[in-house]
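Protein chains in written order, with my numbering: chain A, 1 to 107; chain B, 108 to 262.
Just so it is clear, CB atoms sit at the ideal spot from N, CA and C, and this is done for glycine as well.
Model, not experiment: these values are computed from the prediction.
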Amino acid sequence: MGDPDLLFKALADGSRRKLLDVLYANDGQTLGELCEHLDMTRQAVTQHLGALETAQLVVIQWRGREKLHFLNPVPLQEIYERWIAKFEQPRLKALAQLRRKLEGPRS
Amino acid sequence: MTPKPRSTFVYVSYIRTTPEKLWQALTTPAFMKQYWFGMDFECDWKPGSPWRMLFEDGRVADDGVILESDPPRRLVIRWRNRWKPEMSAEGDSLCTFEISTEGPSTRLSITHSIDVPDSQLINGVSGGWPRIISNLKSLLETGEVVMKEKVAPKA
Chain A
1 MGDPDLLFKA LADGSRRKLL DVLYANDGQT LGELCEHLDM TRQAVTQHLG
51 ALETAQLVVI QWRGREKLHF LNPVPLQEIY ERWIAKFEQP RLKALAQLRR
101 KLEGPRS
Chain B
108 MTPKPRSTFV YVSYIRTTPE KLWQALTTPA FMKQYWFGMD FECDWKPGSP
158 WRMLFEDGRV ADDGVILESD PPRRLVIRWR NRWKPEMSAE GDSLCTFEIS
208 TEGPSTRLSI THSIDVPDSQ LINGVSGGWP RIISNLKSLL ETGEVVMKEK
258 VAPKA
């Protein structure tokens, strides 16, 4: 995992989460395109993108002279495995067993 | 906003390993099987060669051709789905693996794109790549995968 502190810090801000949502809906946008969707100054968007890049949640690709921003979900997967899956698995297994019991053998 | 003419996803991970070991991990079928949830690969990874990914029962899942192979830095492959008609119909996608050294880590970047707006193939693989990369990273760094079982794909 990258630095988890940087990652959680990057996620601990509504504007940055909104930026991730905007990229999720339409990946690979320029700064200008991103600004159209957000009620923030260009400077603020640039700063938030910087924090997301540091946390590896956003990666840059150049296409000609265009600087495109892409959502990188890999660190989120790592959070999921480290902080969610581990705690959820026994309960999910119990639920799956219960369901099999109630539904009977699948055809 | 108008839909983009192509669909692209980019994944980046920093892995504590060397570019050479990472390249081996990306091109050695027996090793790939461990982090690819049991899928089998057939390829010699030379430019122009075909590659195939097979389910454990032998059905072809995806296949394509190696376009560029520059160990241990860059691998570009053509990629086509062969098991879901709606994805197969979209034709060839392009998958680029780039490896670079950044400080103590090795940076792996995987770019997967296709000249189809709102591609179902790209949407489909976008759910799989993060788990595969995460498994690969864990396997290289700790010798174990984090997720052994494949999460059932959506019907």
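Inspect the beta-carbon positions of A/H48 and A/S15 and report whether they are closer than 7 Å.
Locating residue 48 of chain A in the first sequence gives position 48, where the first residue counts as 1. Locating residue 15 of chain A in the first sequence gives position 15, where the first residue counts as 1. Closer than 7 Å, so yes.
Contact with chain B by A/V22, beta-carbon distance below 7 Å:
Counted from its first residue, the first sequence places residue 22 of chain A at position 22. It does not; no Cβ of chain B falls within 7 Å.
Residue environment, A/Q29, which counts as buried when at least 16 other CB atoms sit within 10 Å:
The residue you call residue 29 of chain A lines up with position 29 of the first sequence. Buried is the call here.
Hey, B/D177 and B/W186 are a contact pair by Cβ (cut 8 Å); roughly how many whole angstroms apart?
Position 70 of the second sequence, counted from the start, is the residue given in the question as residue 177 of chain B. Position 79 of the second sequence, counted from the start, is the residue given in the question as residue 186 of chain B. Rounded, the Cβ-Cβ distance is 18 Å, inconsistent with contact.
If contacts are defined as beta-carbon pairs under 8 Å, then B/T125 and B/T213 qualify, I think. What distance do you get, rounded to the angstrom?
For the purposes of this step, residue 125 of chain B is identified with residue 18 of the second sequence, where counting begins at 1. For the purposes of this step, residue 213 of chain B is identified with residue 106 of the second sequence, where counting begins at 1. The pair is a contact, with the Cβ atoms about 6 Å apart (cut-off 8 Å).
Tell me the DSSP secondary structure of A/L57 in three-state form.
The count along the first sequence starts at 1 and reaches residue 57 of chain A at position 57. DSSP places A/L57 in coil when its eight states are reduced to three.
Which residue from B/V252, B/P224, B/V183 puts its Cα closest to that of B/F204?
As a position in the second sequence, residue 204 of chain B is number 97, starting the count at 1. Of the candidates B/V252, B/P224, B/V183, the one whose C-alpha sits nearest the C-alpha of B/F204 is B/V183.
Name, in chain order, the residues that DSSP records as bridge partners for B/V119.
Here residue 119 of chain B is taken as the residue at index 12 of the second sequence, counted from 1. BP columns for B/V119 point to B/S216.
Start and end of the beta strand (DSSP E) containing B/F204?
In the second sequence, counting from the first residue as 1, residue 204 of chain B sits at position 97. It spans 200-209 - the beta strand (DSSP E) in which B/F204 sits, taken as one unbroken run.
Going along the region 228-246 of chain B in order, which residues come within less than 7 Å of chain A, judged by CB to CB distance?
P237, R238, I240, S241
Which residues of chain B have a Cβ atom closer than 8 Å to the Cβ of A/E53, listed in chain order?
Against the first sequence, residue 53 of chain A aligns to sequence position 53. Those within 8 Å of A/E53 in chain B number zero; the least Cβ separation is about 10 Å.
Distance CB(B/S241)-CB(A/Q77) smaller than 7 Å:
As a first step, residue 241 of chain B must be located in the second sequence, where it is residue number 134. As a first step, residue 77 of chain A must be located in the first sequence, where it is residue number 77. Result yes, Cβ atoms of B/S241 and A/Q77 sit closer than 7 Å.
Go ahead and pull the three-state DSSP assignment for B/N242.
Here residue 242 of chain B refers to the residue found at position 135 of the second sequence. Helix.
Limits of the unbroken alpha helix (DSSP H) element including B/S195
By 1-based counting over the second sequence, the position of residue 195 of chain B is 88. Here the alpha helix (DSSP H) through B/S195 covers 192-195.
Can the beta-carbon of B/S114 be found less than 7 Å from the beta-carbon of B/I221?
Position 7 of the second sequence, counted from the first residue, corresponds to residue 114 of chain B. Position 114 of the second sequence, counted from the first residue, corresponds to residue 221 of chain B. For B/S114 and B/I221, yes; Cβs fall inside 7 Å.
For B/V119, which residues in chain A fall below 8 Å Cβ to Cβ?
By 1-based counting over the second sequence, the position of residue 119 of chain B is 12. Within 8 Å Cβ-Cβ: Q56, V59, N72, V74.
Per-residue contacts from B/T115 into chain E (C-beta, under 9 Å):
Annotation note: the requested chain E is absent from the structure, which comprises protein chains A and B.
DSSP state of A/A51, grouped into three classes?
Here residue 51 of chain A is taken as the residue at index 51 of the first sequence, counted from 1. In this structure, A/A51 counts as helix in the three-state DSSP scheme.
Please go through the region 109-186 of chain B and give each complete alpha helix (DSSP H) segment of 4 or more residues, from N-terminal end onward.
126-134, 136-142
Taking the straight line between their C-alpha atoms, what separation do you get for B/L247 and A/C35?
For the purposes of this step, residue 247 of chain B is taken as residue 140 along the second sequence, with counting starting at 1. For the purposes of this step, residue 35 of chain A is taken as residue 35 along the first sequence, with counting starting at 1. Computed Cα separation, rounded: 39 Å.
Taking 7 Å as the CB-CB limit, is A/E81 close to chain B?
Your numbering for residue 81 of chain A matches position 81 in the first sequence. Judged by the 7 Å Cβ criterion, A/E81 is in contact with chain B.
Assign A/V74 to one of two classes, buried (16 or more other C-beta atoms within 10 Å of its C-beta) or exposed (fewer than that).
Here residue 74 of chain A refers to the residue found at position 74 when the first sequence is read from its first residue. That one is buried.
Note down, in chain order, every chain A residue with its Cβ under 7 Å from the Cβ of B/V253.
Position 146 of the second sequence, counted from the start, is the residue given in the question as residue 253 of chain B. Residues of chain A passing the Cβ test: E81.
In this structure, how does DSSP classify A/L34 when only helix, strand and coil are distinguished?
Here residue 34 of chain A refers to the residue found at position 34 of the first sequence. Looking at A/L34 - three-state DSSP - the assignment turns out to be helix.
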